[in-house]
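Residues -18 to -1, 1 to 111 (mature numbering (1 follows the signal peptide of the UniProt record, and there is no 0)) make up the sequence shown, in order. Everything on this sheet refers to the single structure shown next.
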Amino acid sequence: MIKLIALAMTLLSTSAMAEWTKVGESDLKGGFTAYADLASISKFGDRAKMLALFDYQTKQKTSGVEYLSAQIRREYDCKQKQMRKLSYKFFSWNMEGGELIRSYTQPQQWVPIKPDSIDEAEFKVACKD
């Protein structure tokens, strides 16, 4: 009975997870793959919001915590070609696995999109007409 309940809970939590679409790879920070959740895209005027996932090959360290994946909610200004981070979630394992190490909502300053970058690949997905 306990196994059945555990299985049902696993299936329910798995169905709530994002569907990640690969948008690029980089050798920076020990290597990582960037993903976008297409279903999370919301647009209003010249702006769009989207969830992105960074899946690292090596442990990353920020503010004293180590993690292998980071989910970031971003806002994109499609007209001005800039973006800002809205919130973060850091996970102990790859692809949002393991423990949620830290999460916070702290909107950052707008920054220009750098050409030929992972940020530009995300921007193109989020701002696509």
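Ideal Cβ positions, reconstructed from N, Cα and C, are used throughout, including at glycine.
Problem set entry | Enclosing alpha helix (DSSP H) for K106 [first to last residue] | Counting from one through the sequence shown, the residue named residue 106 turns up at place 124. Element bounds for K106: I100 to C109.
For this session: Kindly indicate which three-state DSSP category K11 falls into: helix, strand or coil?
Result: On the sequence shown, position 29 is the one that residue 11 refers to. Looking at K11 - three-state DSSP - the assignment turns out to be helix.
For this session: Please name the residue in G6, D111, K4 and I23 whose C-alpha comes closest to that of K61.
Result: For the purposes of this step, residue 61 is taken as the residue at position 79 of the sequence shown. Closest option to K61, Cα to Cα, is D111.
Exercise. On the three-pair Cβ rule with 8 Å, is the segment 75 to 90 touching the segment 101 to 110?
Worked result: no
Problem set entry | Where residue 131 falls: helix, strand or coil (DSSP) | Here the chain comprises residues numbered -18 to 111, so residue 131 is not present and cannot be evaluated.
Exercise. Bridge partners of K25, per DSSP?
Worked result: For this step, residue 25 is matched to residue 43 along the sequence shown. Paired residue(s): A30.
Problem set entry | Rounded separation between F14 and S22 - CA only | Looking up residue 14 in the sequence shown gives position 32. Looking up residue 22 in the sequence shown gives position 40. So the two alpha carbons sit approximately 21 Å from each other.
Exercise. Ends of the beta strand (DSSP E) at S51?
Worked result: Taking the sequence shown and counting its residues from 1, one reaches residue 51 at position 69. Element bounds for S51: V47 to D59.
For this session: Count the other C-beta atoms from every protein chain shown that fall within 10 angstroms of the C-beta of R66, then say buried if there are 16 or more, exposed otherwise.
Result: Counted from its first residue, the sequence shown places residue 66 at position 84. Under this definition R66 is an exposed residue.
Problem set entry | Exposed unless 16 or more other CB atoms sit within 10 angstroms - verdict on W2 | Taking the sequence shown and counting its residues from 1, one reaches residue 2 at position 20. Classification of W2: buried, given that the 10 Å Cβ count is 16 or more.
Exercise. Do you know how far the Cα of R56 is from the Cα of G27?
Worked result: As a position in the sequence shown, residue 27 is number 45, starting the count at 1. As a position in the sequence shown, residue 56 is number 74, starting the count at 1. Approximately 16 Å between the Cα atoms of the pair.
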